[in-house]
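In my numbering, the protein residues as written are 779 to 1053.
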């Protein structure tokens, strides 16, 4: 029996979070913010966007799905990759538009059923809604339902980096004409949420099957293996400790894939020919 599922998620930052908006002050990149109503005025609060978290989870889900059904090693076309990993693009003249095919898509690929995608001139909507991640602080108590004595202002920090020119300290086969008299350096700053900050969000599944709920659990378990969000993860930013409400055991999802593996493999190749 299908049902609506909601899981509350808390992520504690173990390193600074870099997540930028469009605003920049000189060489400093500013943390993405969203306006909320607080103390009779609108204020800008740093947030981690639902779209960004959704993108992280989508990539995890699709990679795991392809590996489980044995397609990953064989490779897929660019069009199929975009359909699975980025949501695809609307195109005219394709043959993938019948209602029965959309229903079959949900059966053959639970991650696509959760995230949705563009196939041909249709956009089957995903069942999963990912909320905006708010810092747990005084200003967001009305939005998270969690009280705190901390202000988000105390959670922000400026992180400074430089990229230096190694030519004067390393030996490479570089001609004198190519060397610069003055070393090339790049200095930049970024505004981050500090380690120790706790973020709150929620994920809701609409009319989900048992396998789809178990799929979400599998995705979050996989996320724990590489628990990074935001930018500069290669430099250690965005590591989190994630906790969430209990969901259906992920084994149910993996058993579902195993039982229908060949059928799913054939479906993937059929779709690849149609898009």
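Here a beta-carbon is modelled for each residue, glycine too, at the ideal position from N, C-alpha and C.
Straight-line Cα distance separating residue j from residue i
{"i": "residue 1053", "j": "residue 1040", "result": "20 Å"}
{"i": "residue 818", "j": "residue 898", "result": "47 Å"}
{"i": "residue 1000", "j": "residue 1006", "result": "11 Å"}
{"i": "residue 1009", "j": "residue 880", "result": "34 Å"}
{"i": "residue 1048", "j": "residue 1035", "result": "18 Å"}
{"i": "residue 878", "j": "residue 885", "result": "11 Å"}
{"i": "residue 1029", "j": "residue 988", "result": "11 Å"}
{"i": "residue 837", "j": "residue 850", "result": "13 Å"}
{"i": "residue 1018", "j": "residue 835", "result": "14 Å"}
{"i": "residue 986", "j": "residue 781", "result": "5 Å"}
{"i": "residue 758", "j": "residue 894", "result": "For the chain, the structure presents residues 779 to 1053; residue 758 sits outside this window and is missing."}
{"i": "residue 1014", "j": "residue 809", "result": "17 Å"}
{"i": "residue 813", "j": "residue 821", "result": "5 Å"}
{"i": "residue 1042", "j": "residue 785", "result": "28 Å"}
{"i": "residue 969", "j": "residue 788", "result": "22 Å"}
{"i": "residue 1038", "j": "residue 1051", "result": "20 Å"}
{"i": "residue 901", "j": "residue 882", "result": "14 Å"}
{"i": "residue 811", "j": "residue 982", "result": "23 Å"}
{"i": "residue 1026", "j": "residue 965", "result": "48 Å"}
{"i": "residue 799", "j": "residue 1002", "result": "26 Å"}
{"i": "residue 923", "j": "residue 1012", "result": "33 Å"}
{"i": "residue 790", "j": "residue 913", "result": "9 Å"}
{"i": "residue 927", "j": "residue 934", "result": "15 Å"}
{"i": "residue 855", "j": "residue 1046", "result": "11 Å"}
{"i": "residue 795", "j": "residue 925", "result": "22 Å"}
Whole-angstrom C-beta distance between residue j and residue i, which should lie under 8 Å
{"i": "residue 990", "j": "residue 892", "result": "6 Å"}
{"i": "residue 843", "j": "residue 887", "result": "7 Å"}
{"i": "residue 997", "j": "residue 839", "result": "5 Å"}
{"i": "residue 967", "j": "residue 937", "result": "7 Å"}
{"i": "residue 905", "j": "residue 984", "result": "5 Å"}
Proximity to residue i [Cα-Cα], best of the options
{"i": "residue 971", "options": "881, 926, 793 and 783", "result": "793"}
{"i": "residue 915", "options": "993, 838 and 977", "result": "977"}
{"i": "residue 909", "options": "1016, 830 and 937", "result": "830"}
{"i": "residue 1056", "options": "929, 890 and 903", "result": "No statement about residue 1056 is possible, as the shown extent of the chain runs from 779 to 1053 and does not include it."}
{"i": "residue 783", "options": "1031, 1018 and 1023", "result": "1023"}
{"i": "residue 832", "options": "907, 857 and 975", "result": "907"}
{"i": "residue 896", "options": "790, 865, 937 and 994", "result": "865"}
{"i": "residue 797", "options": "1003, 923, 911 and 1031", "result": "911"}
{"i": "residue 931", "options": "922, 975 and 939", "result": "975"}
{"i": "residue 1086", "options": "848, 940, 901 and 923", "result": "An answer regarding residue 1086 cannot be provided, because it is not within the stretch 779 to 1053 covered by the chain."}
{"i": "residue 846", "options": "1027, 1020, 993 and 1003", "result": "993"}
{"i": "residue 1031", "options": "925, 934 and 995", "result": "995"}
{"i": "residue 816", "options": "929, 779, 848 and 841", "result": "929"}
Which whole runs of the alpha helix (DSSP H) in the segment 837–918 are 4 residues long or more, in chain order? 856–863, 877–886 and 888–893
Check whether the segment 813–828 touches the segment 912–927, taking contact to mean three or more Cβ pairs, one atom from each stretch, closer than 8 Å. yes
Whole alpha helix (DSSP H) runs in the segment 962–1036 with 4 or more residues, listed along the chain? 988–1003
Could you give the uninterrupted runs of the beta strand (DSSP E) lying entirely in the segment 782–824, keeping only those of 3 residues or more? 798–803, 806–809, 811–816 and 819–824
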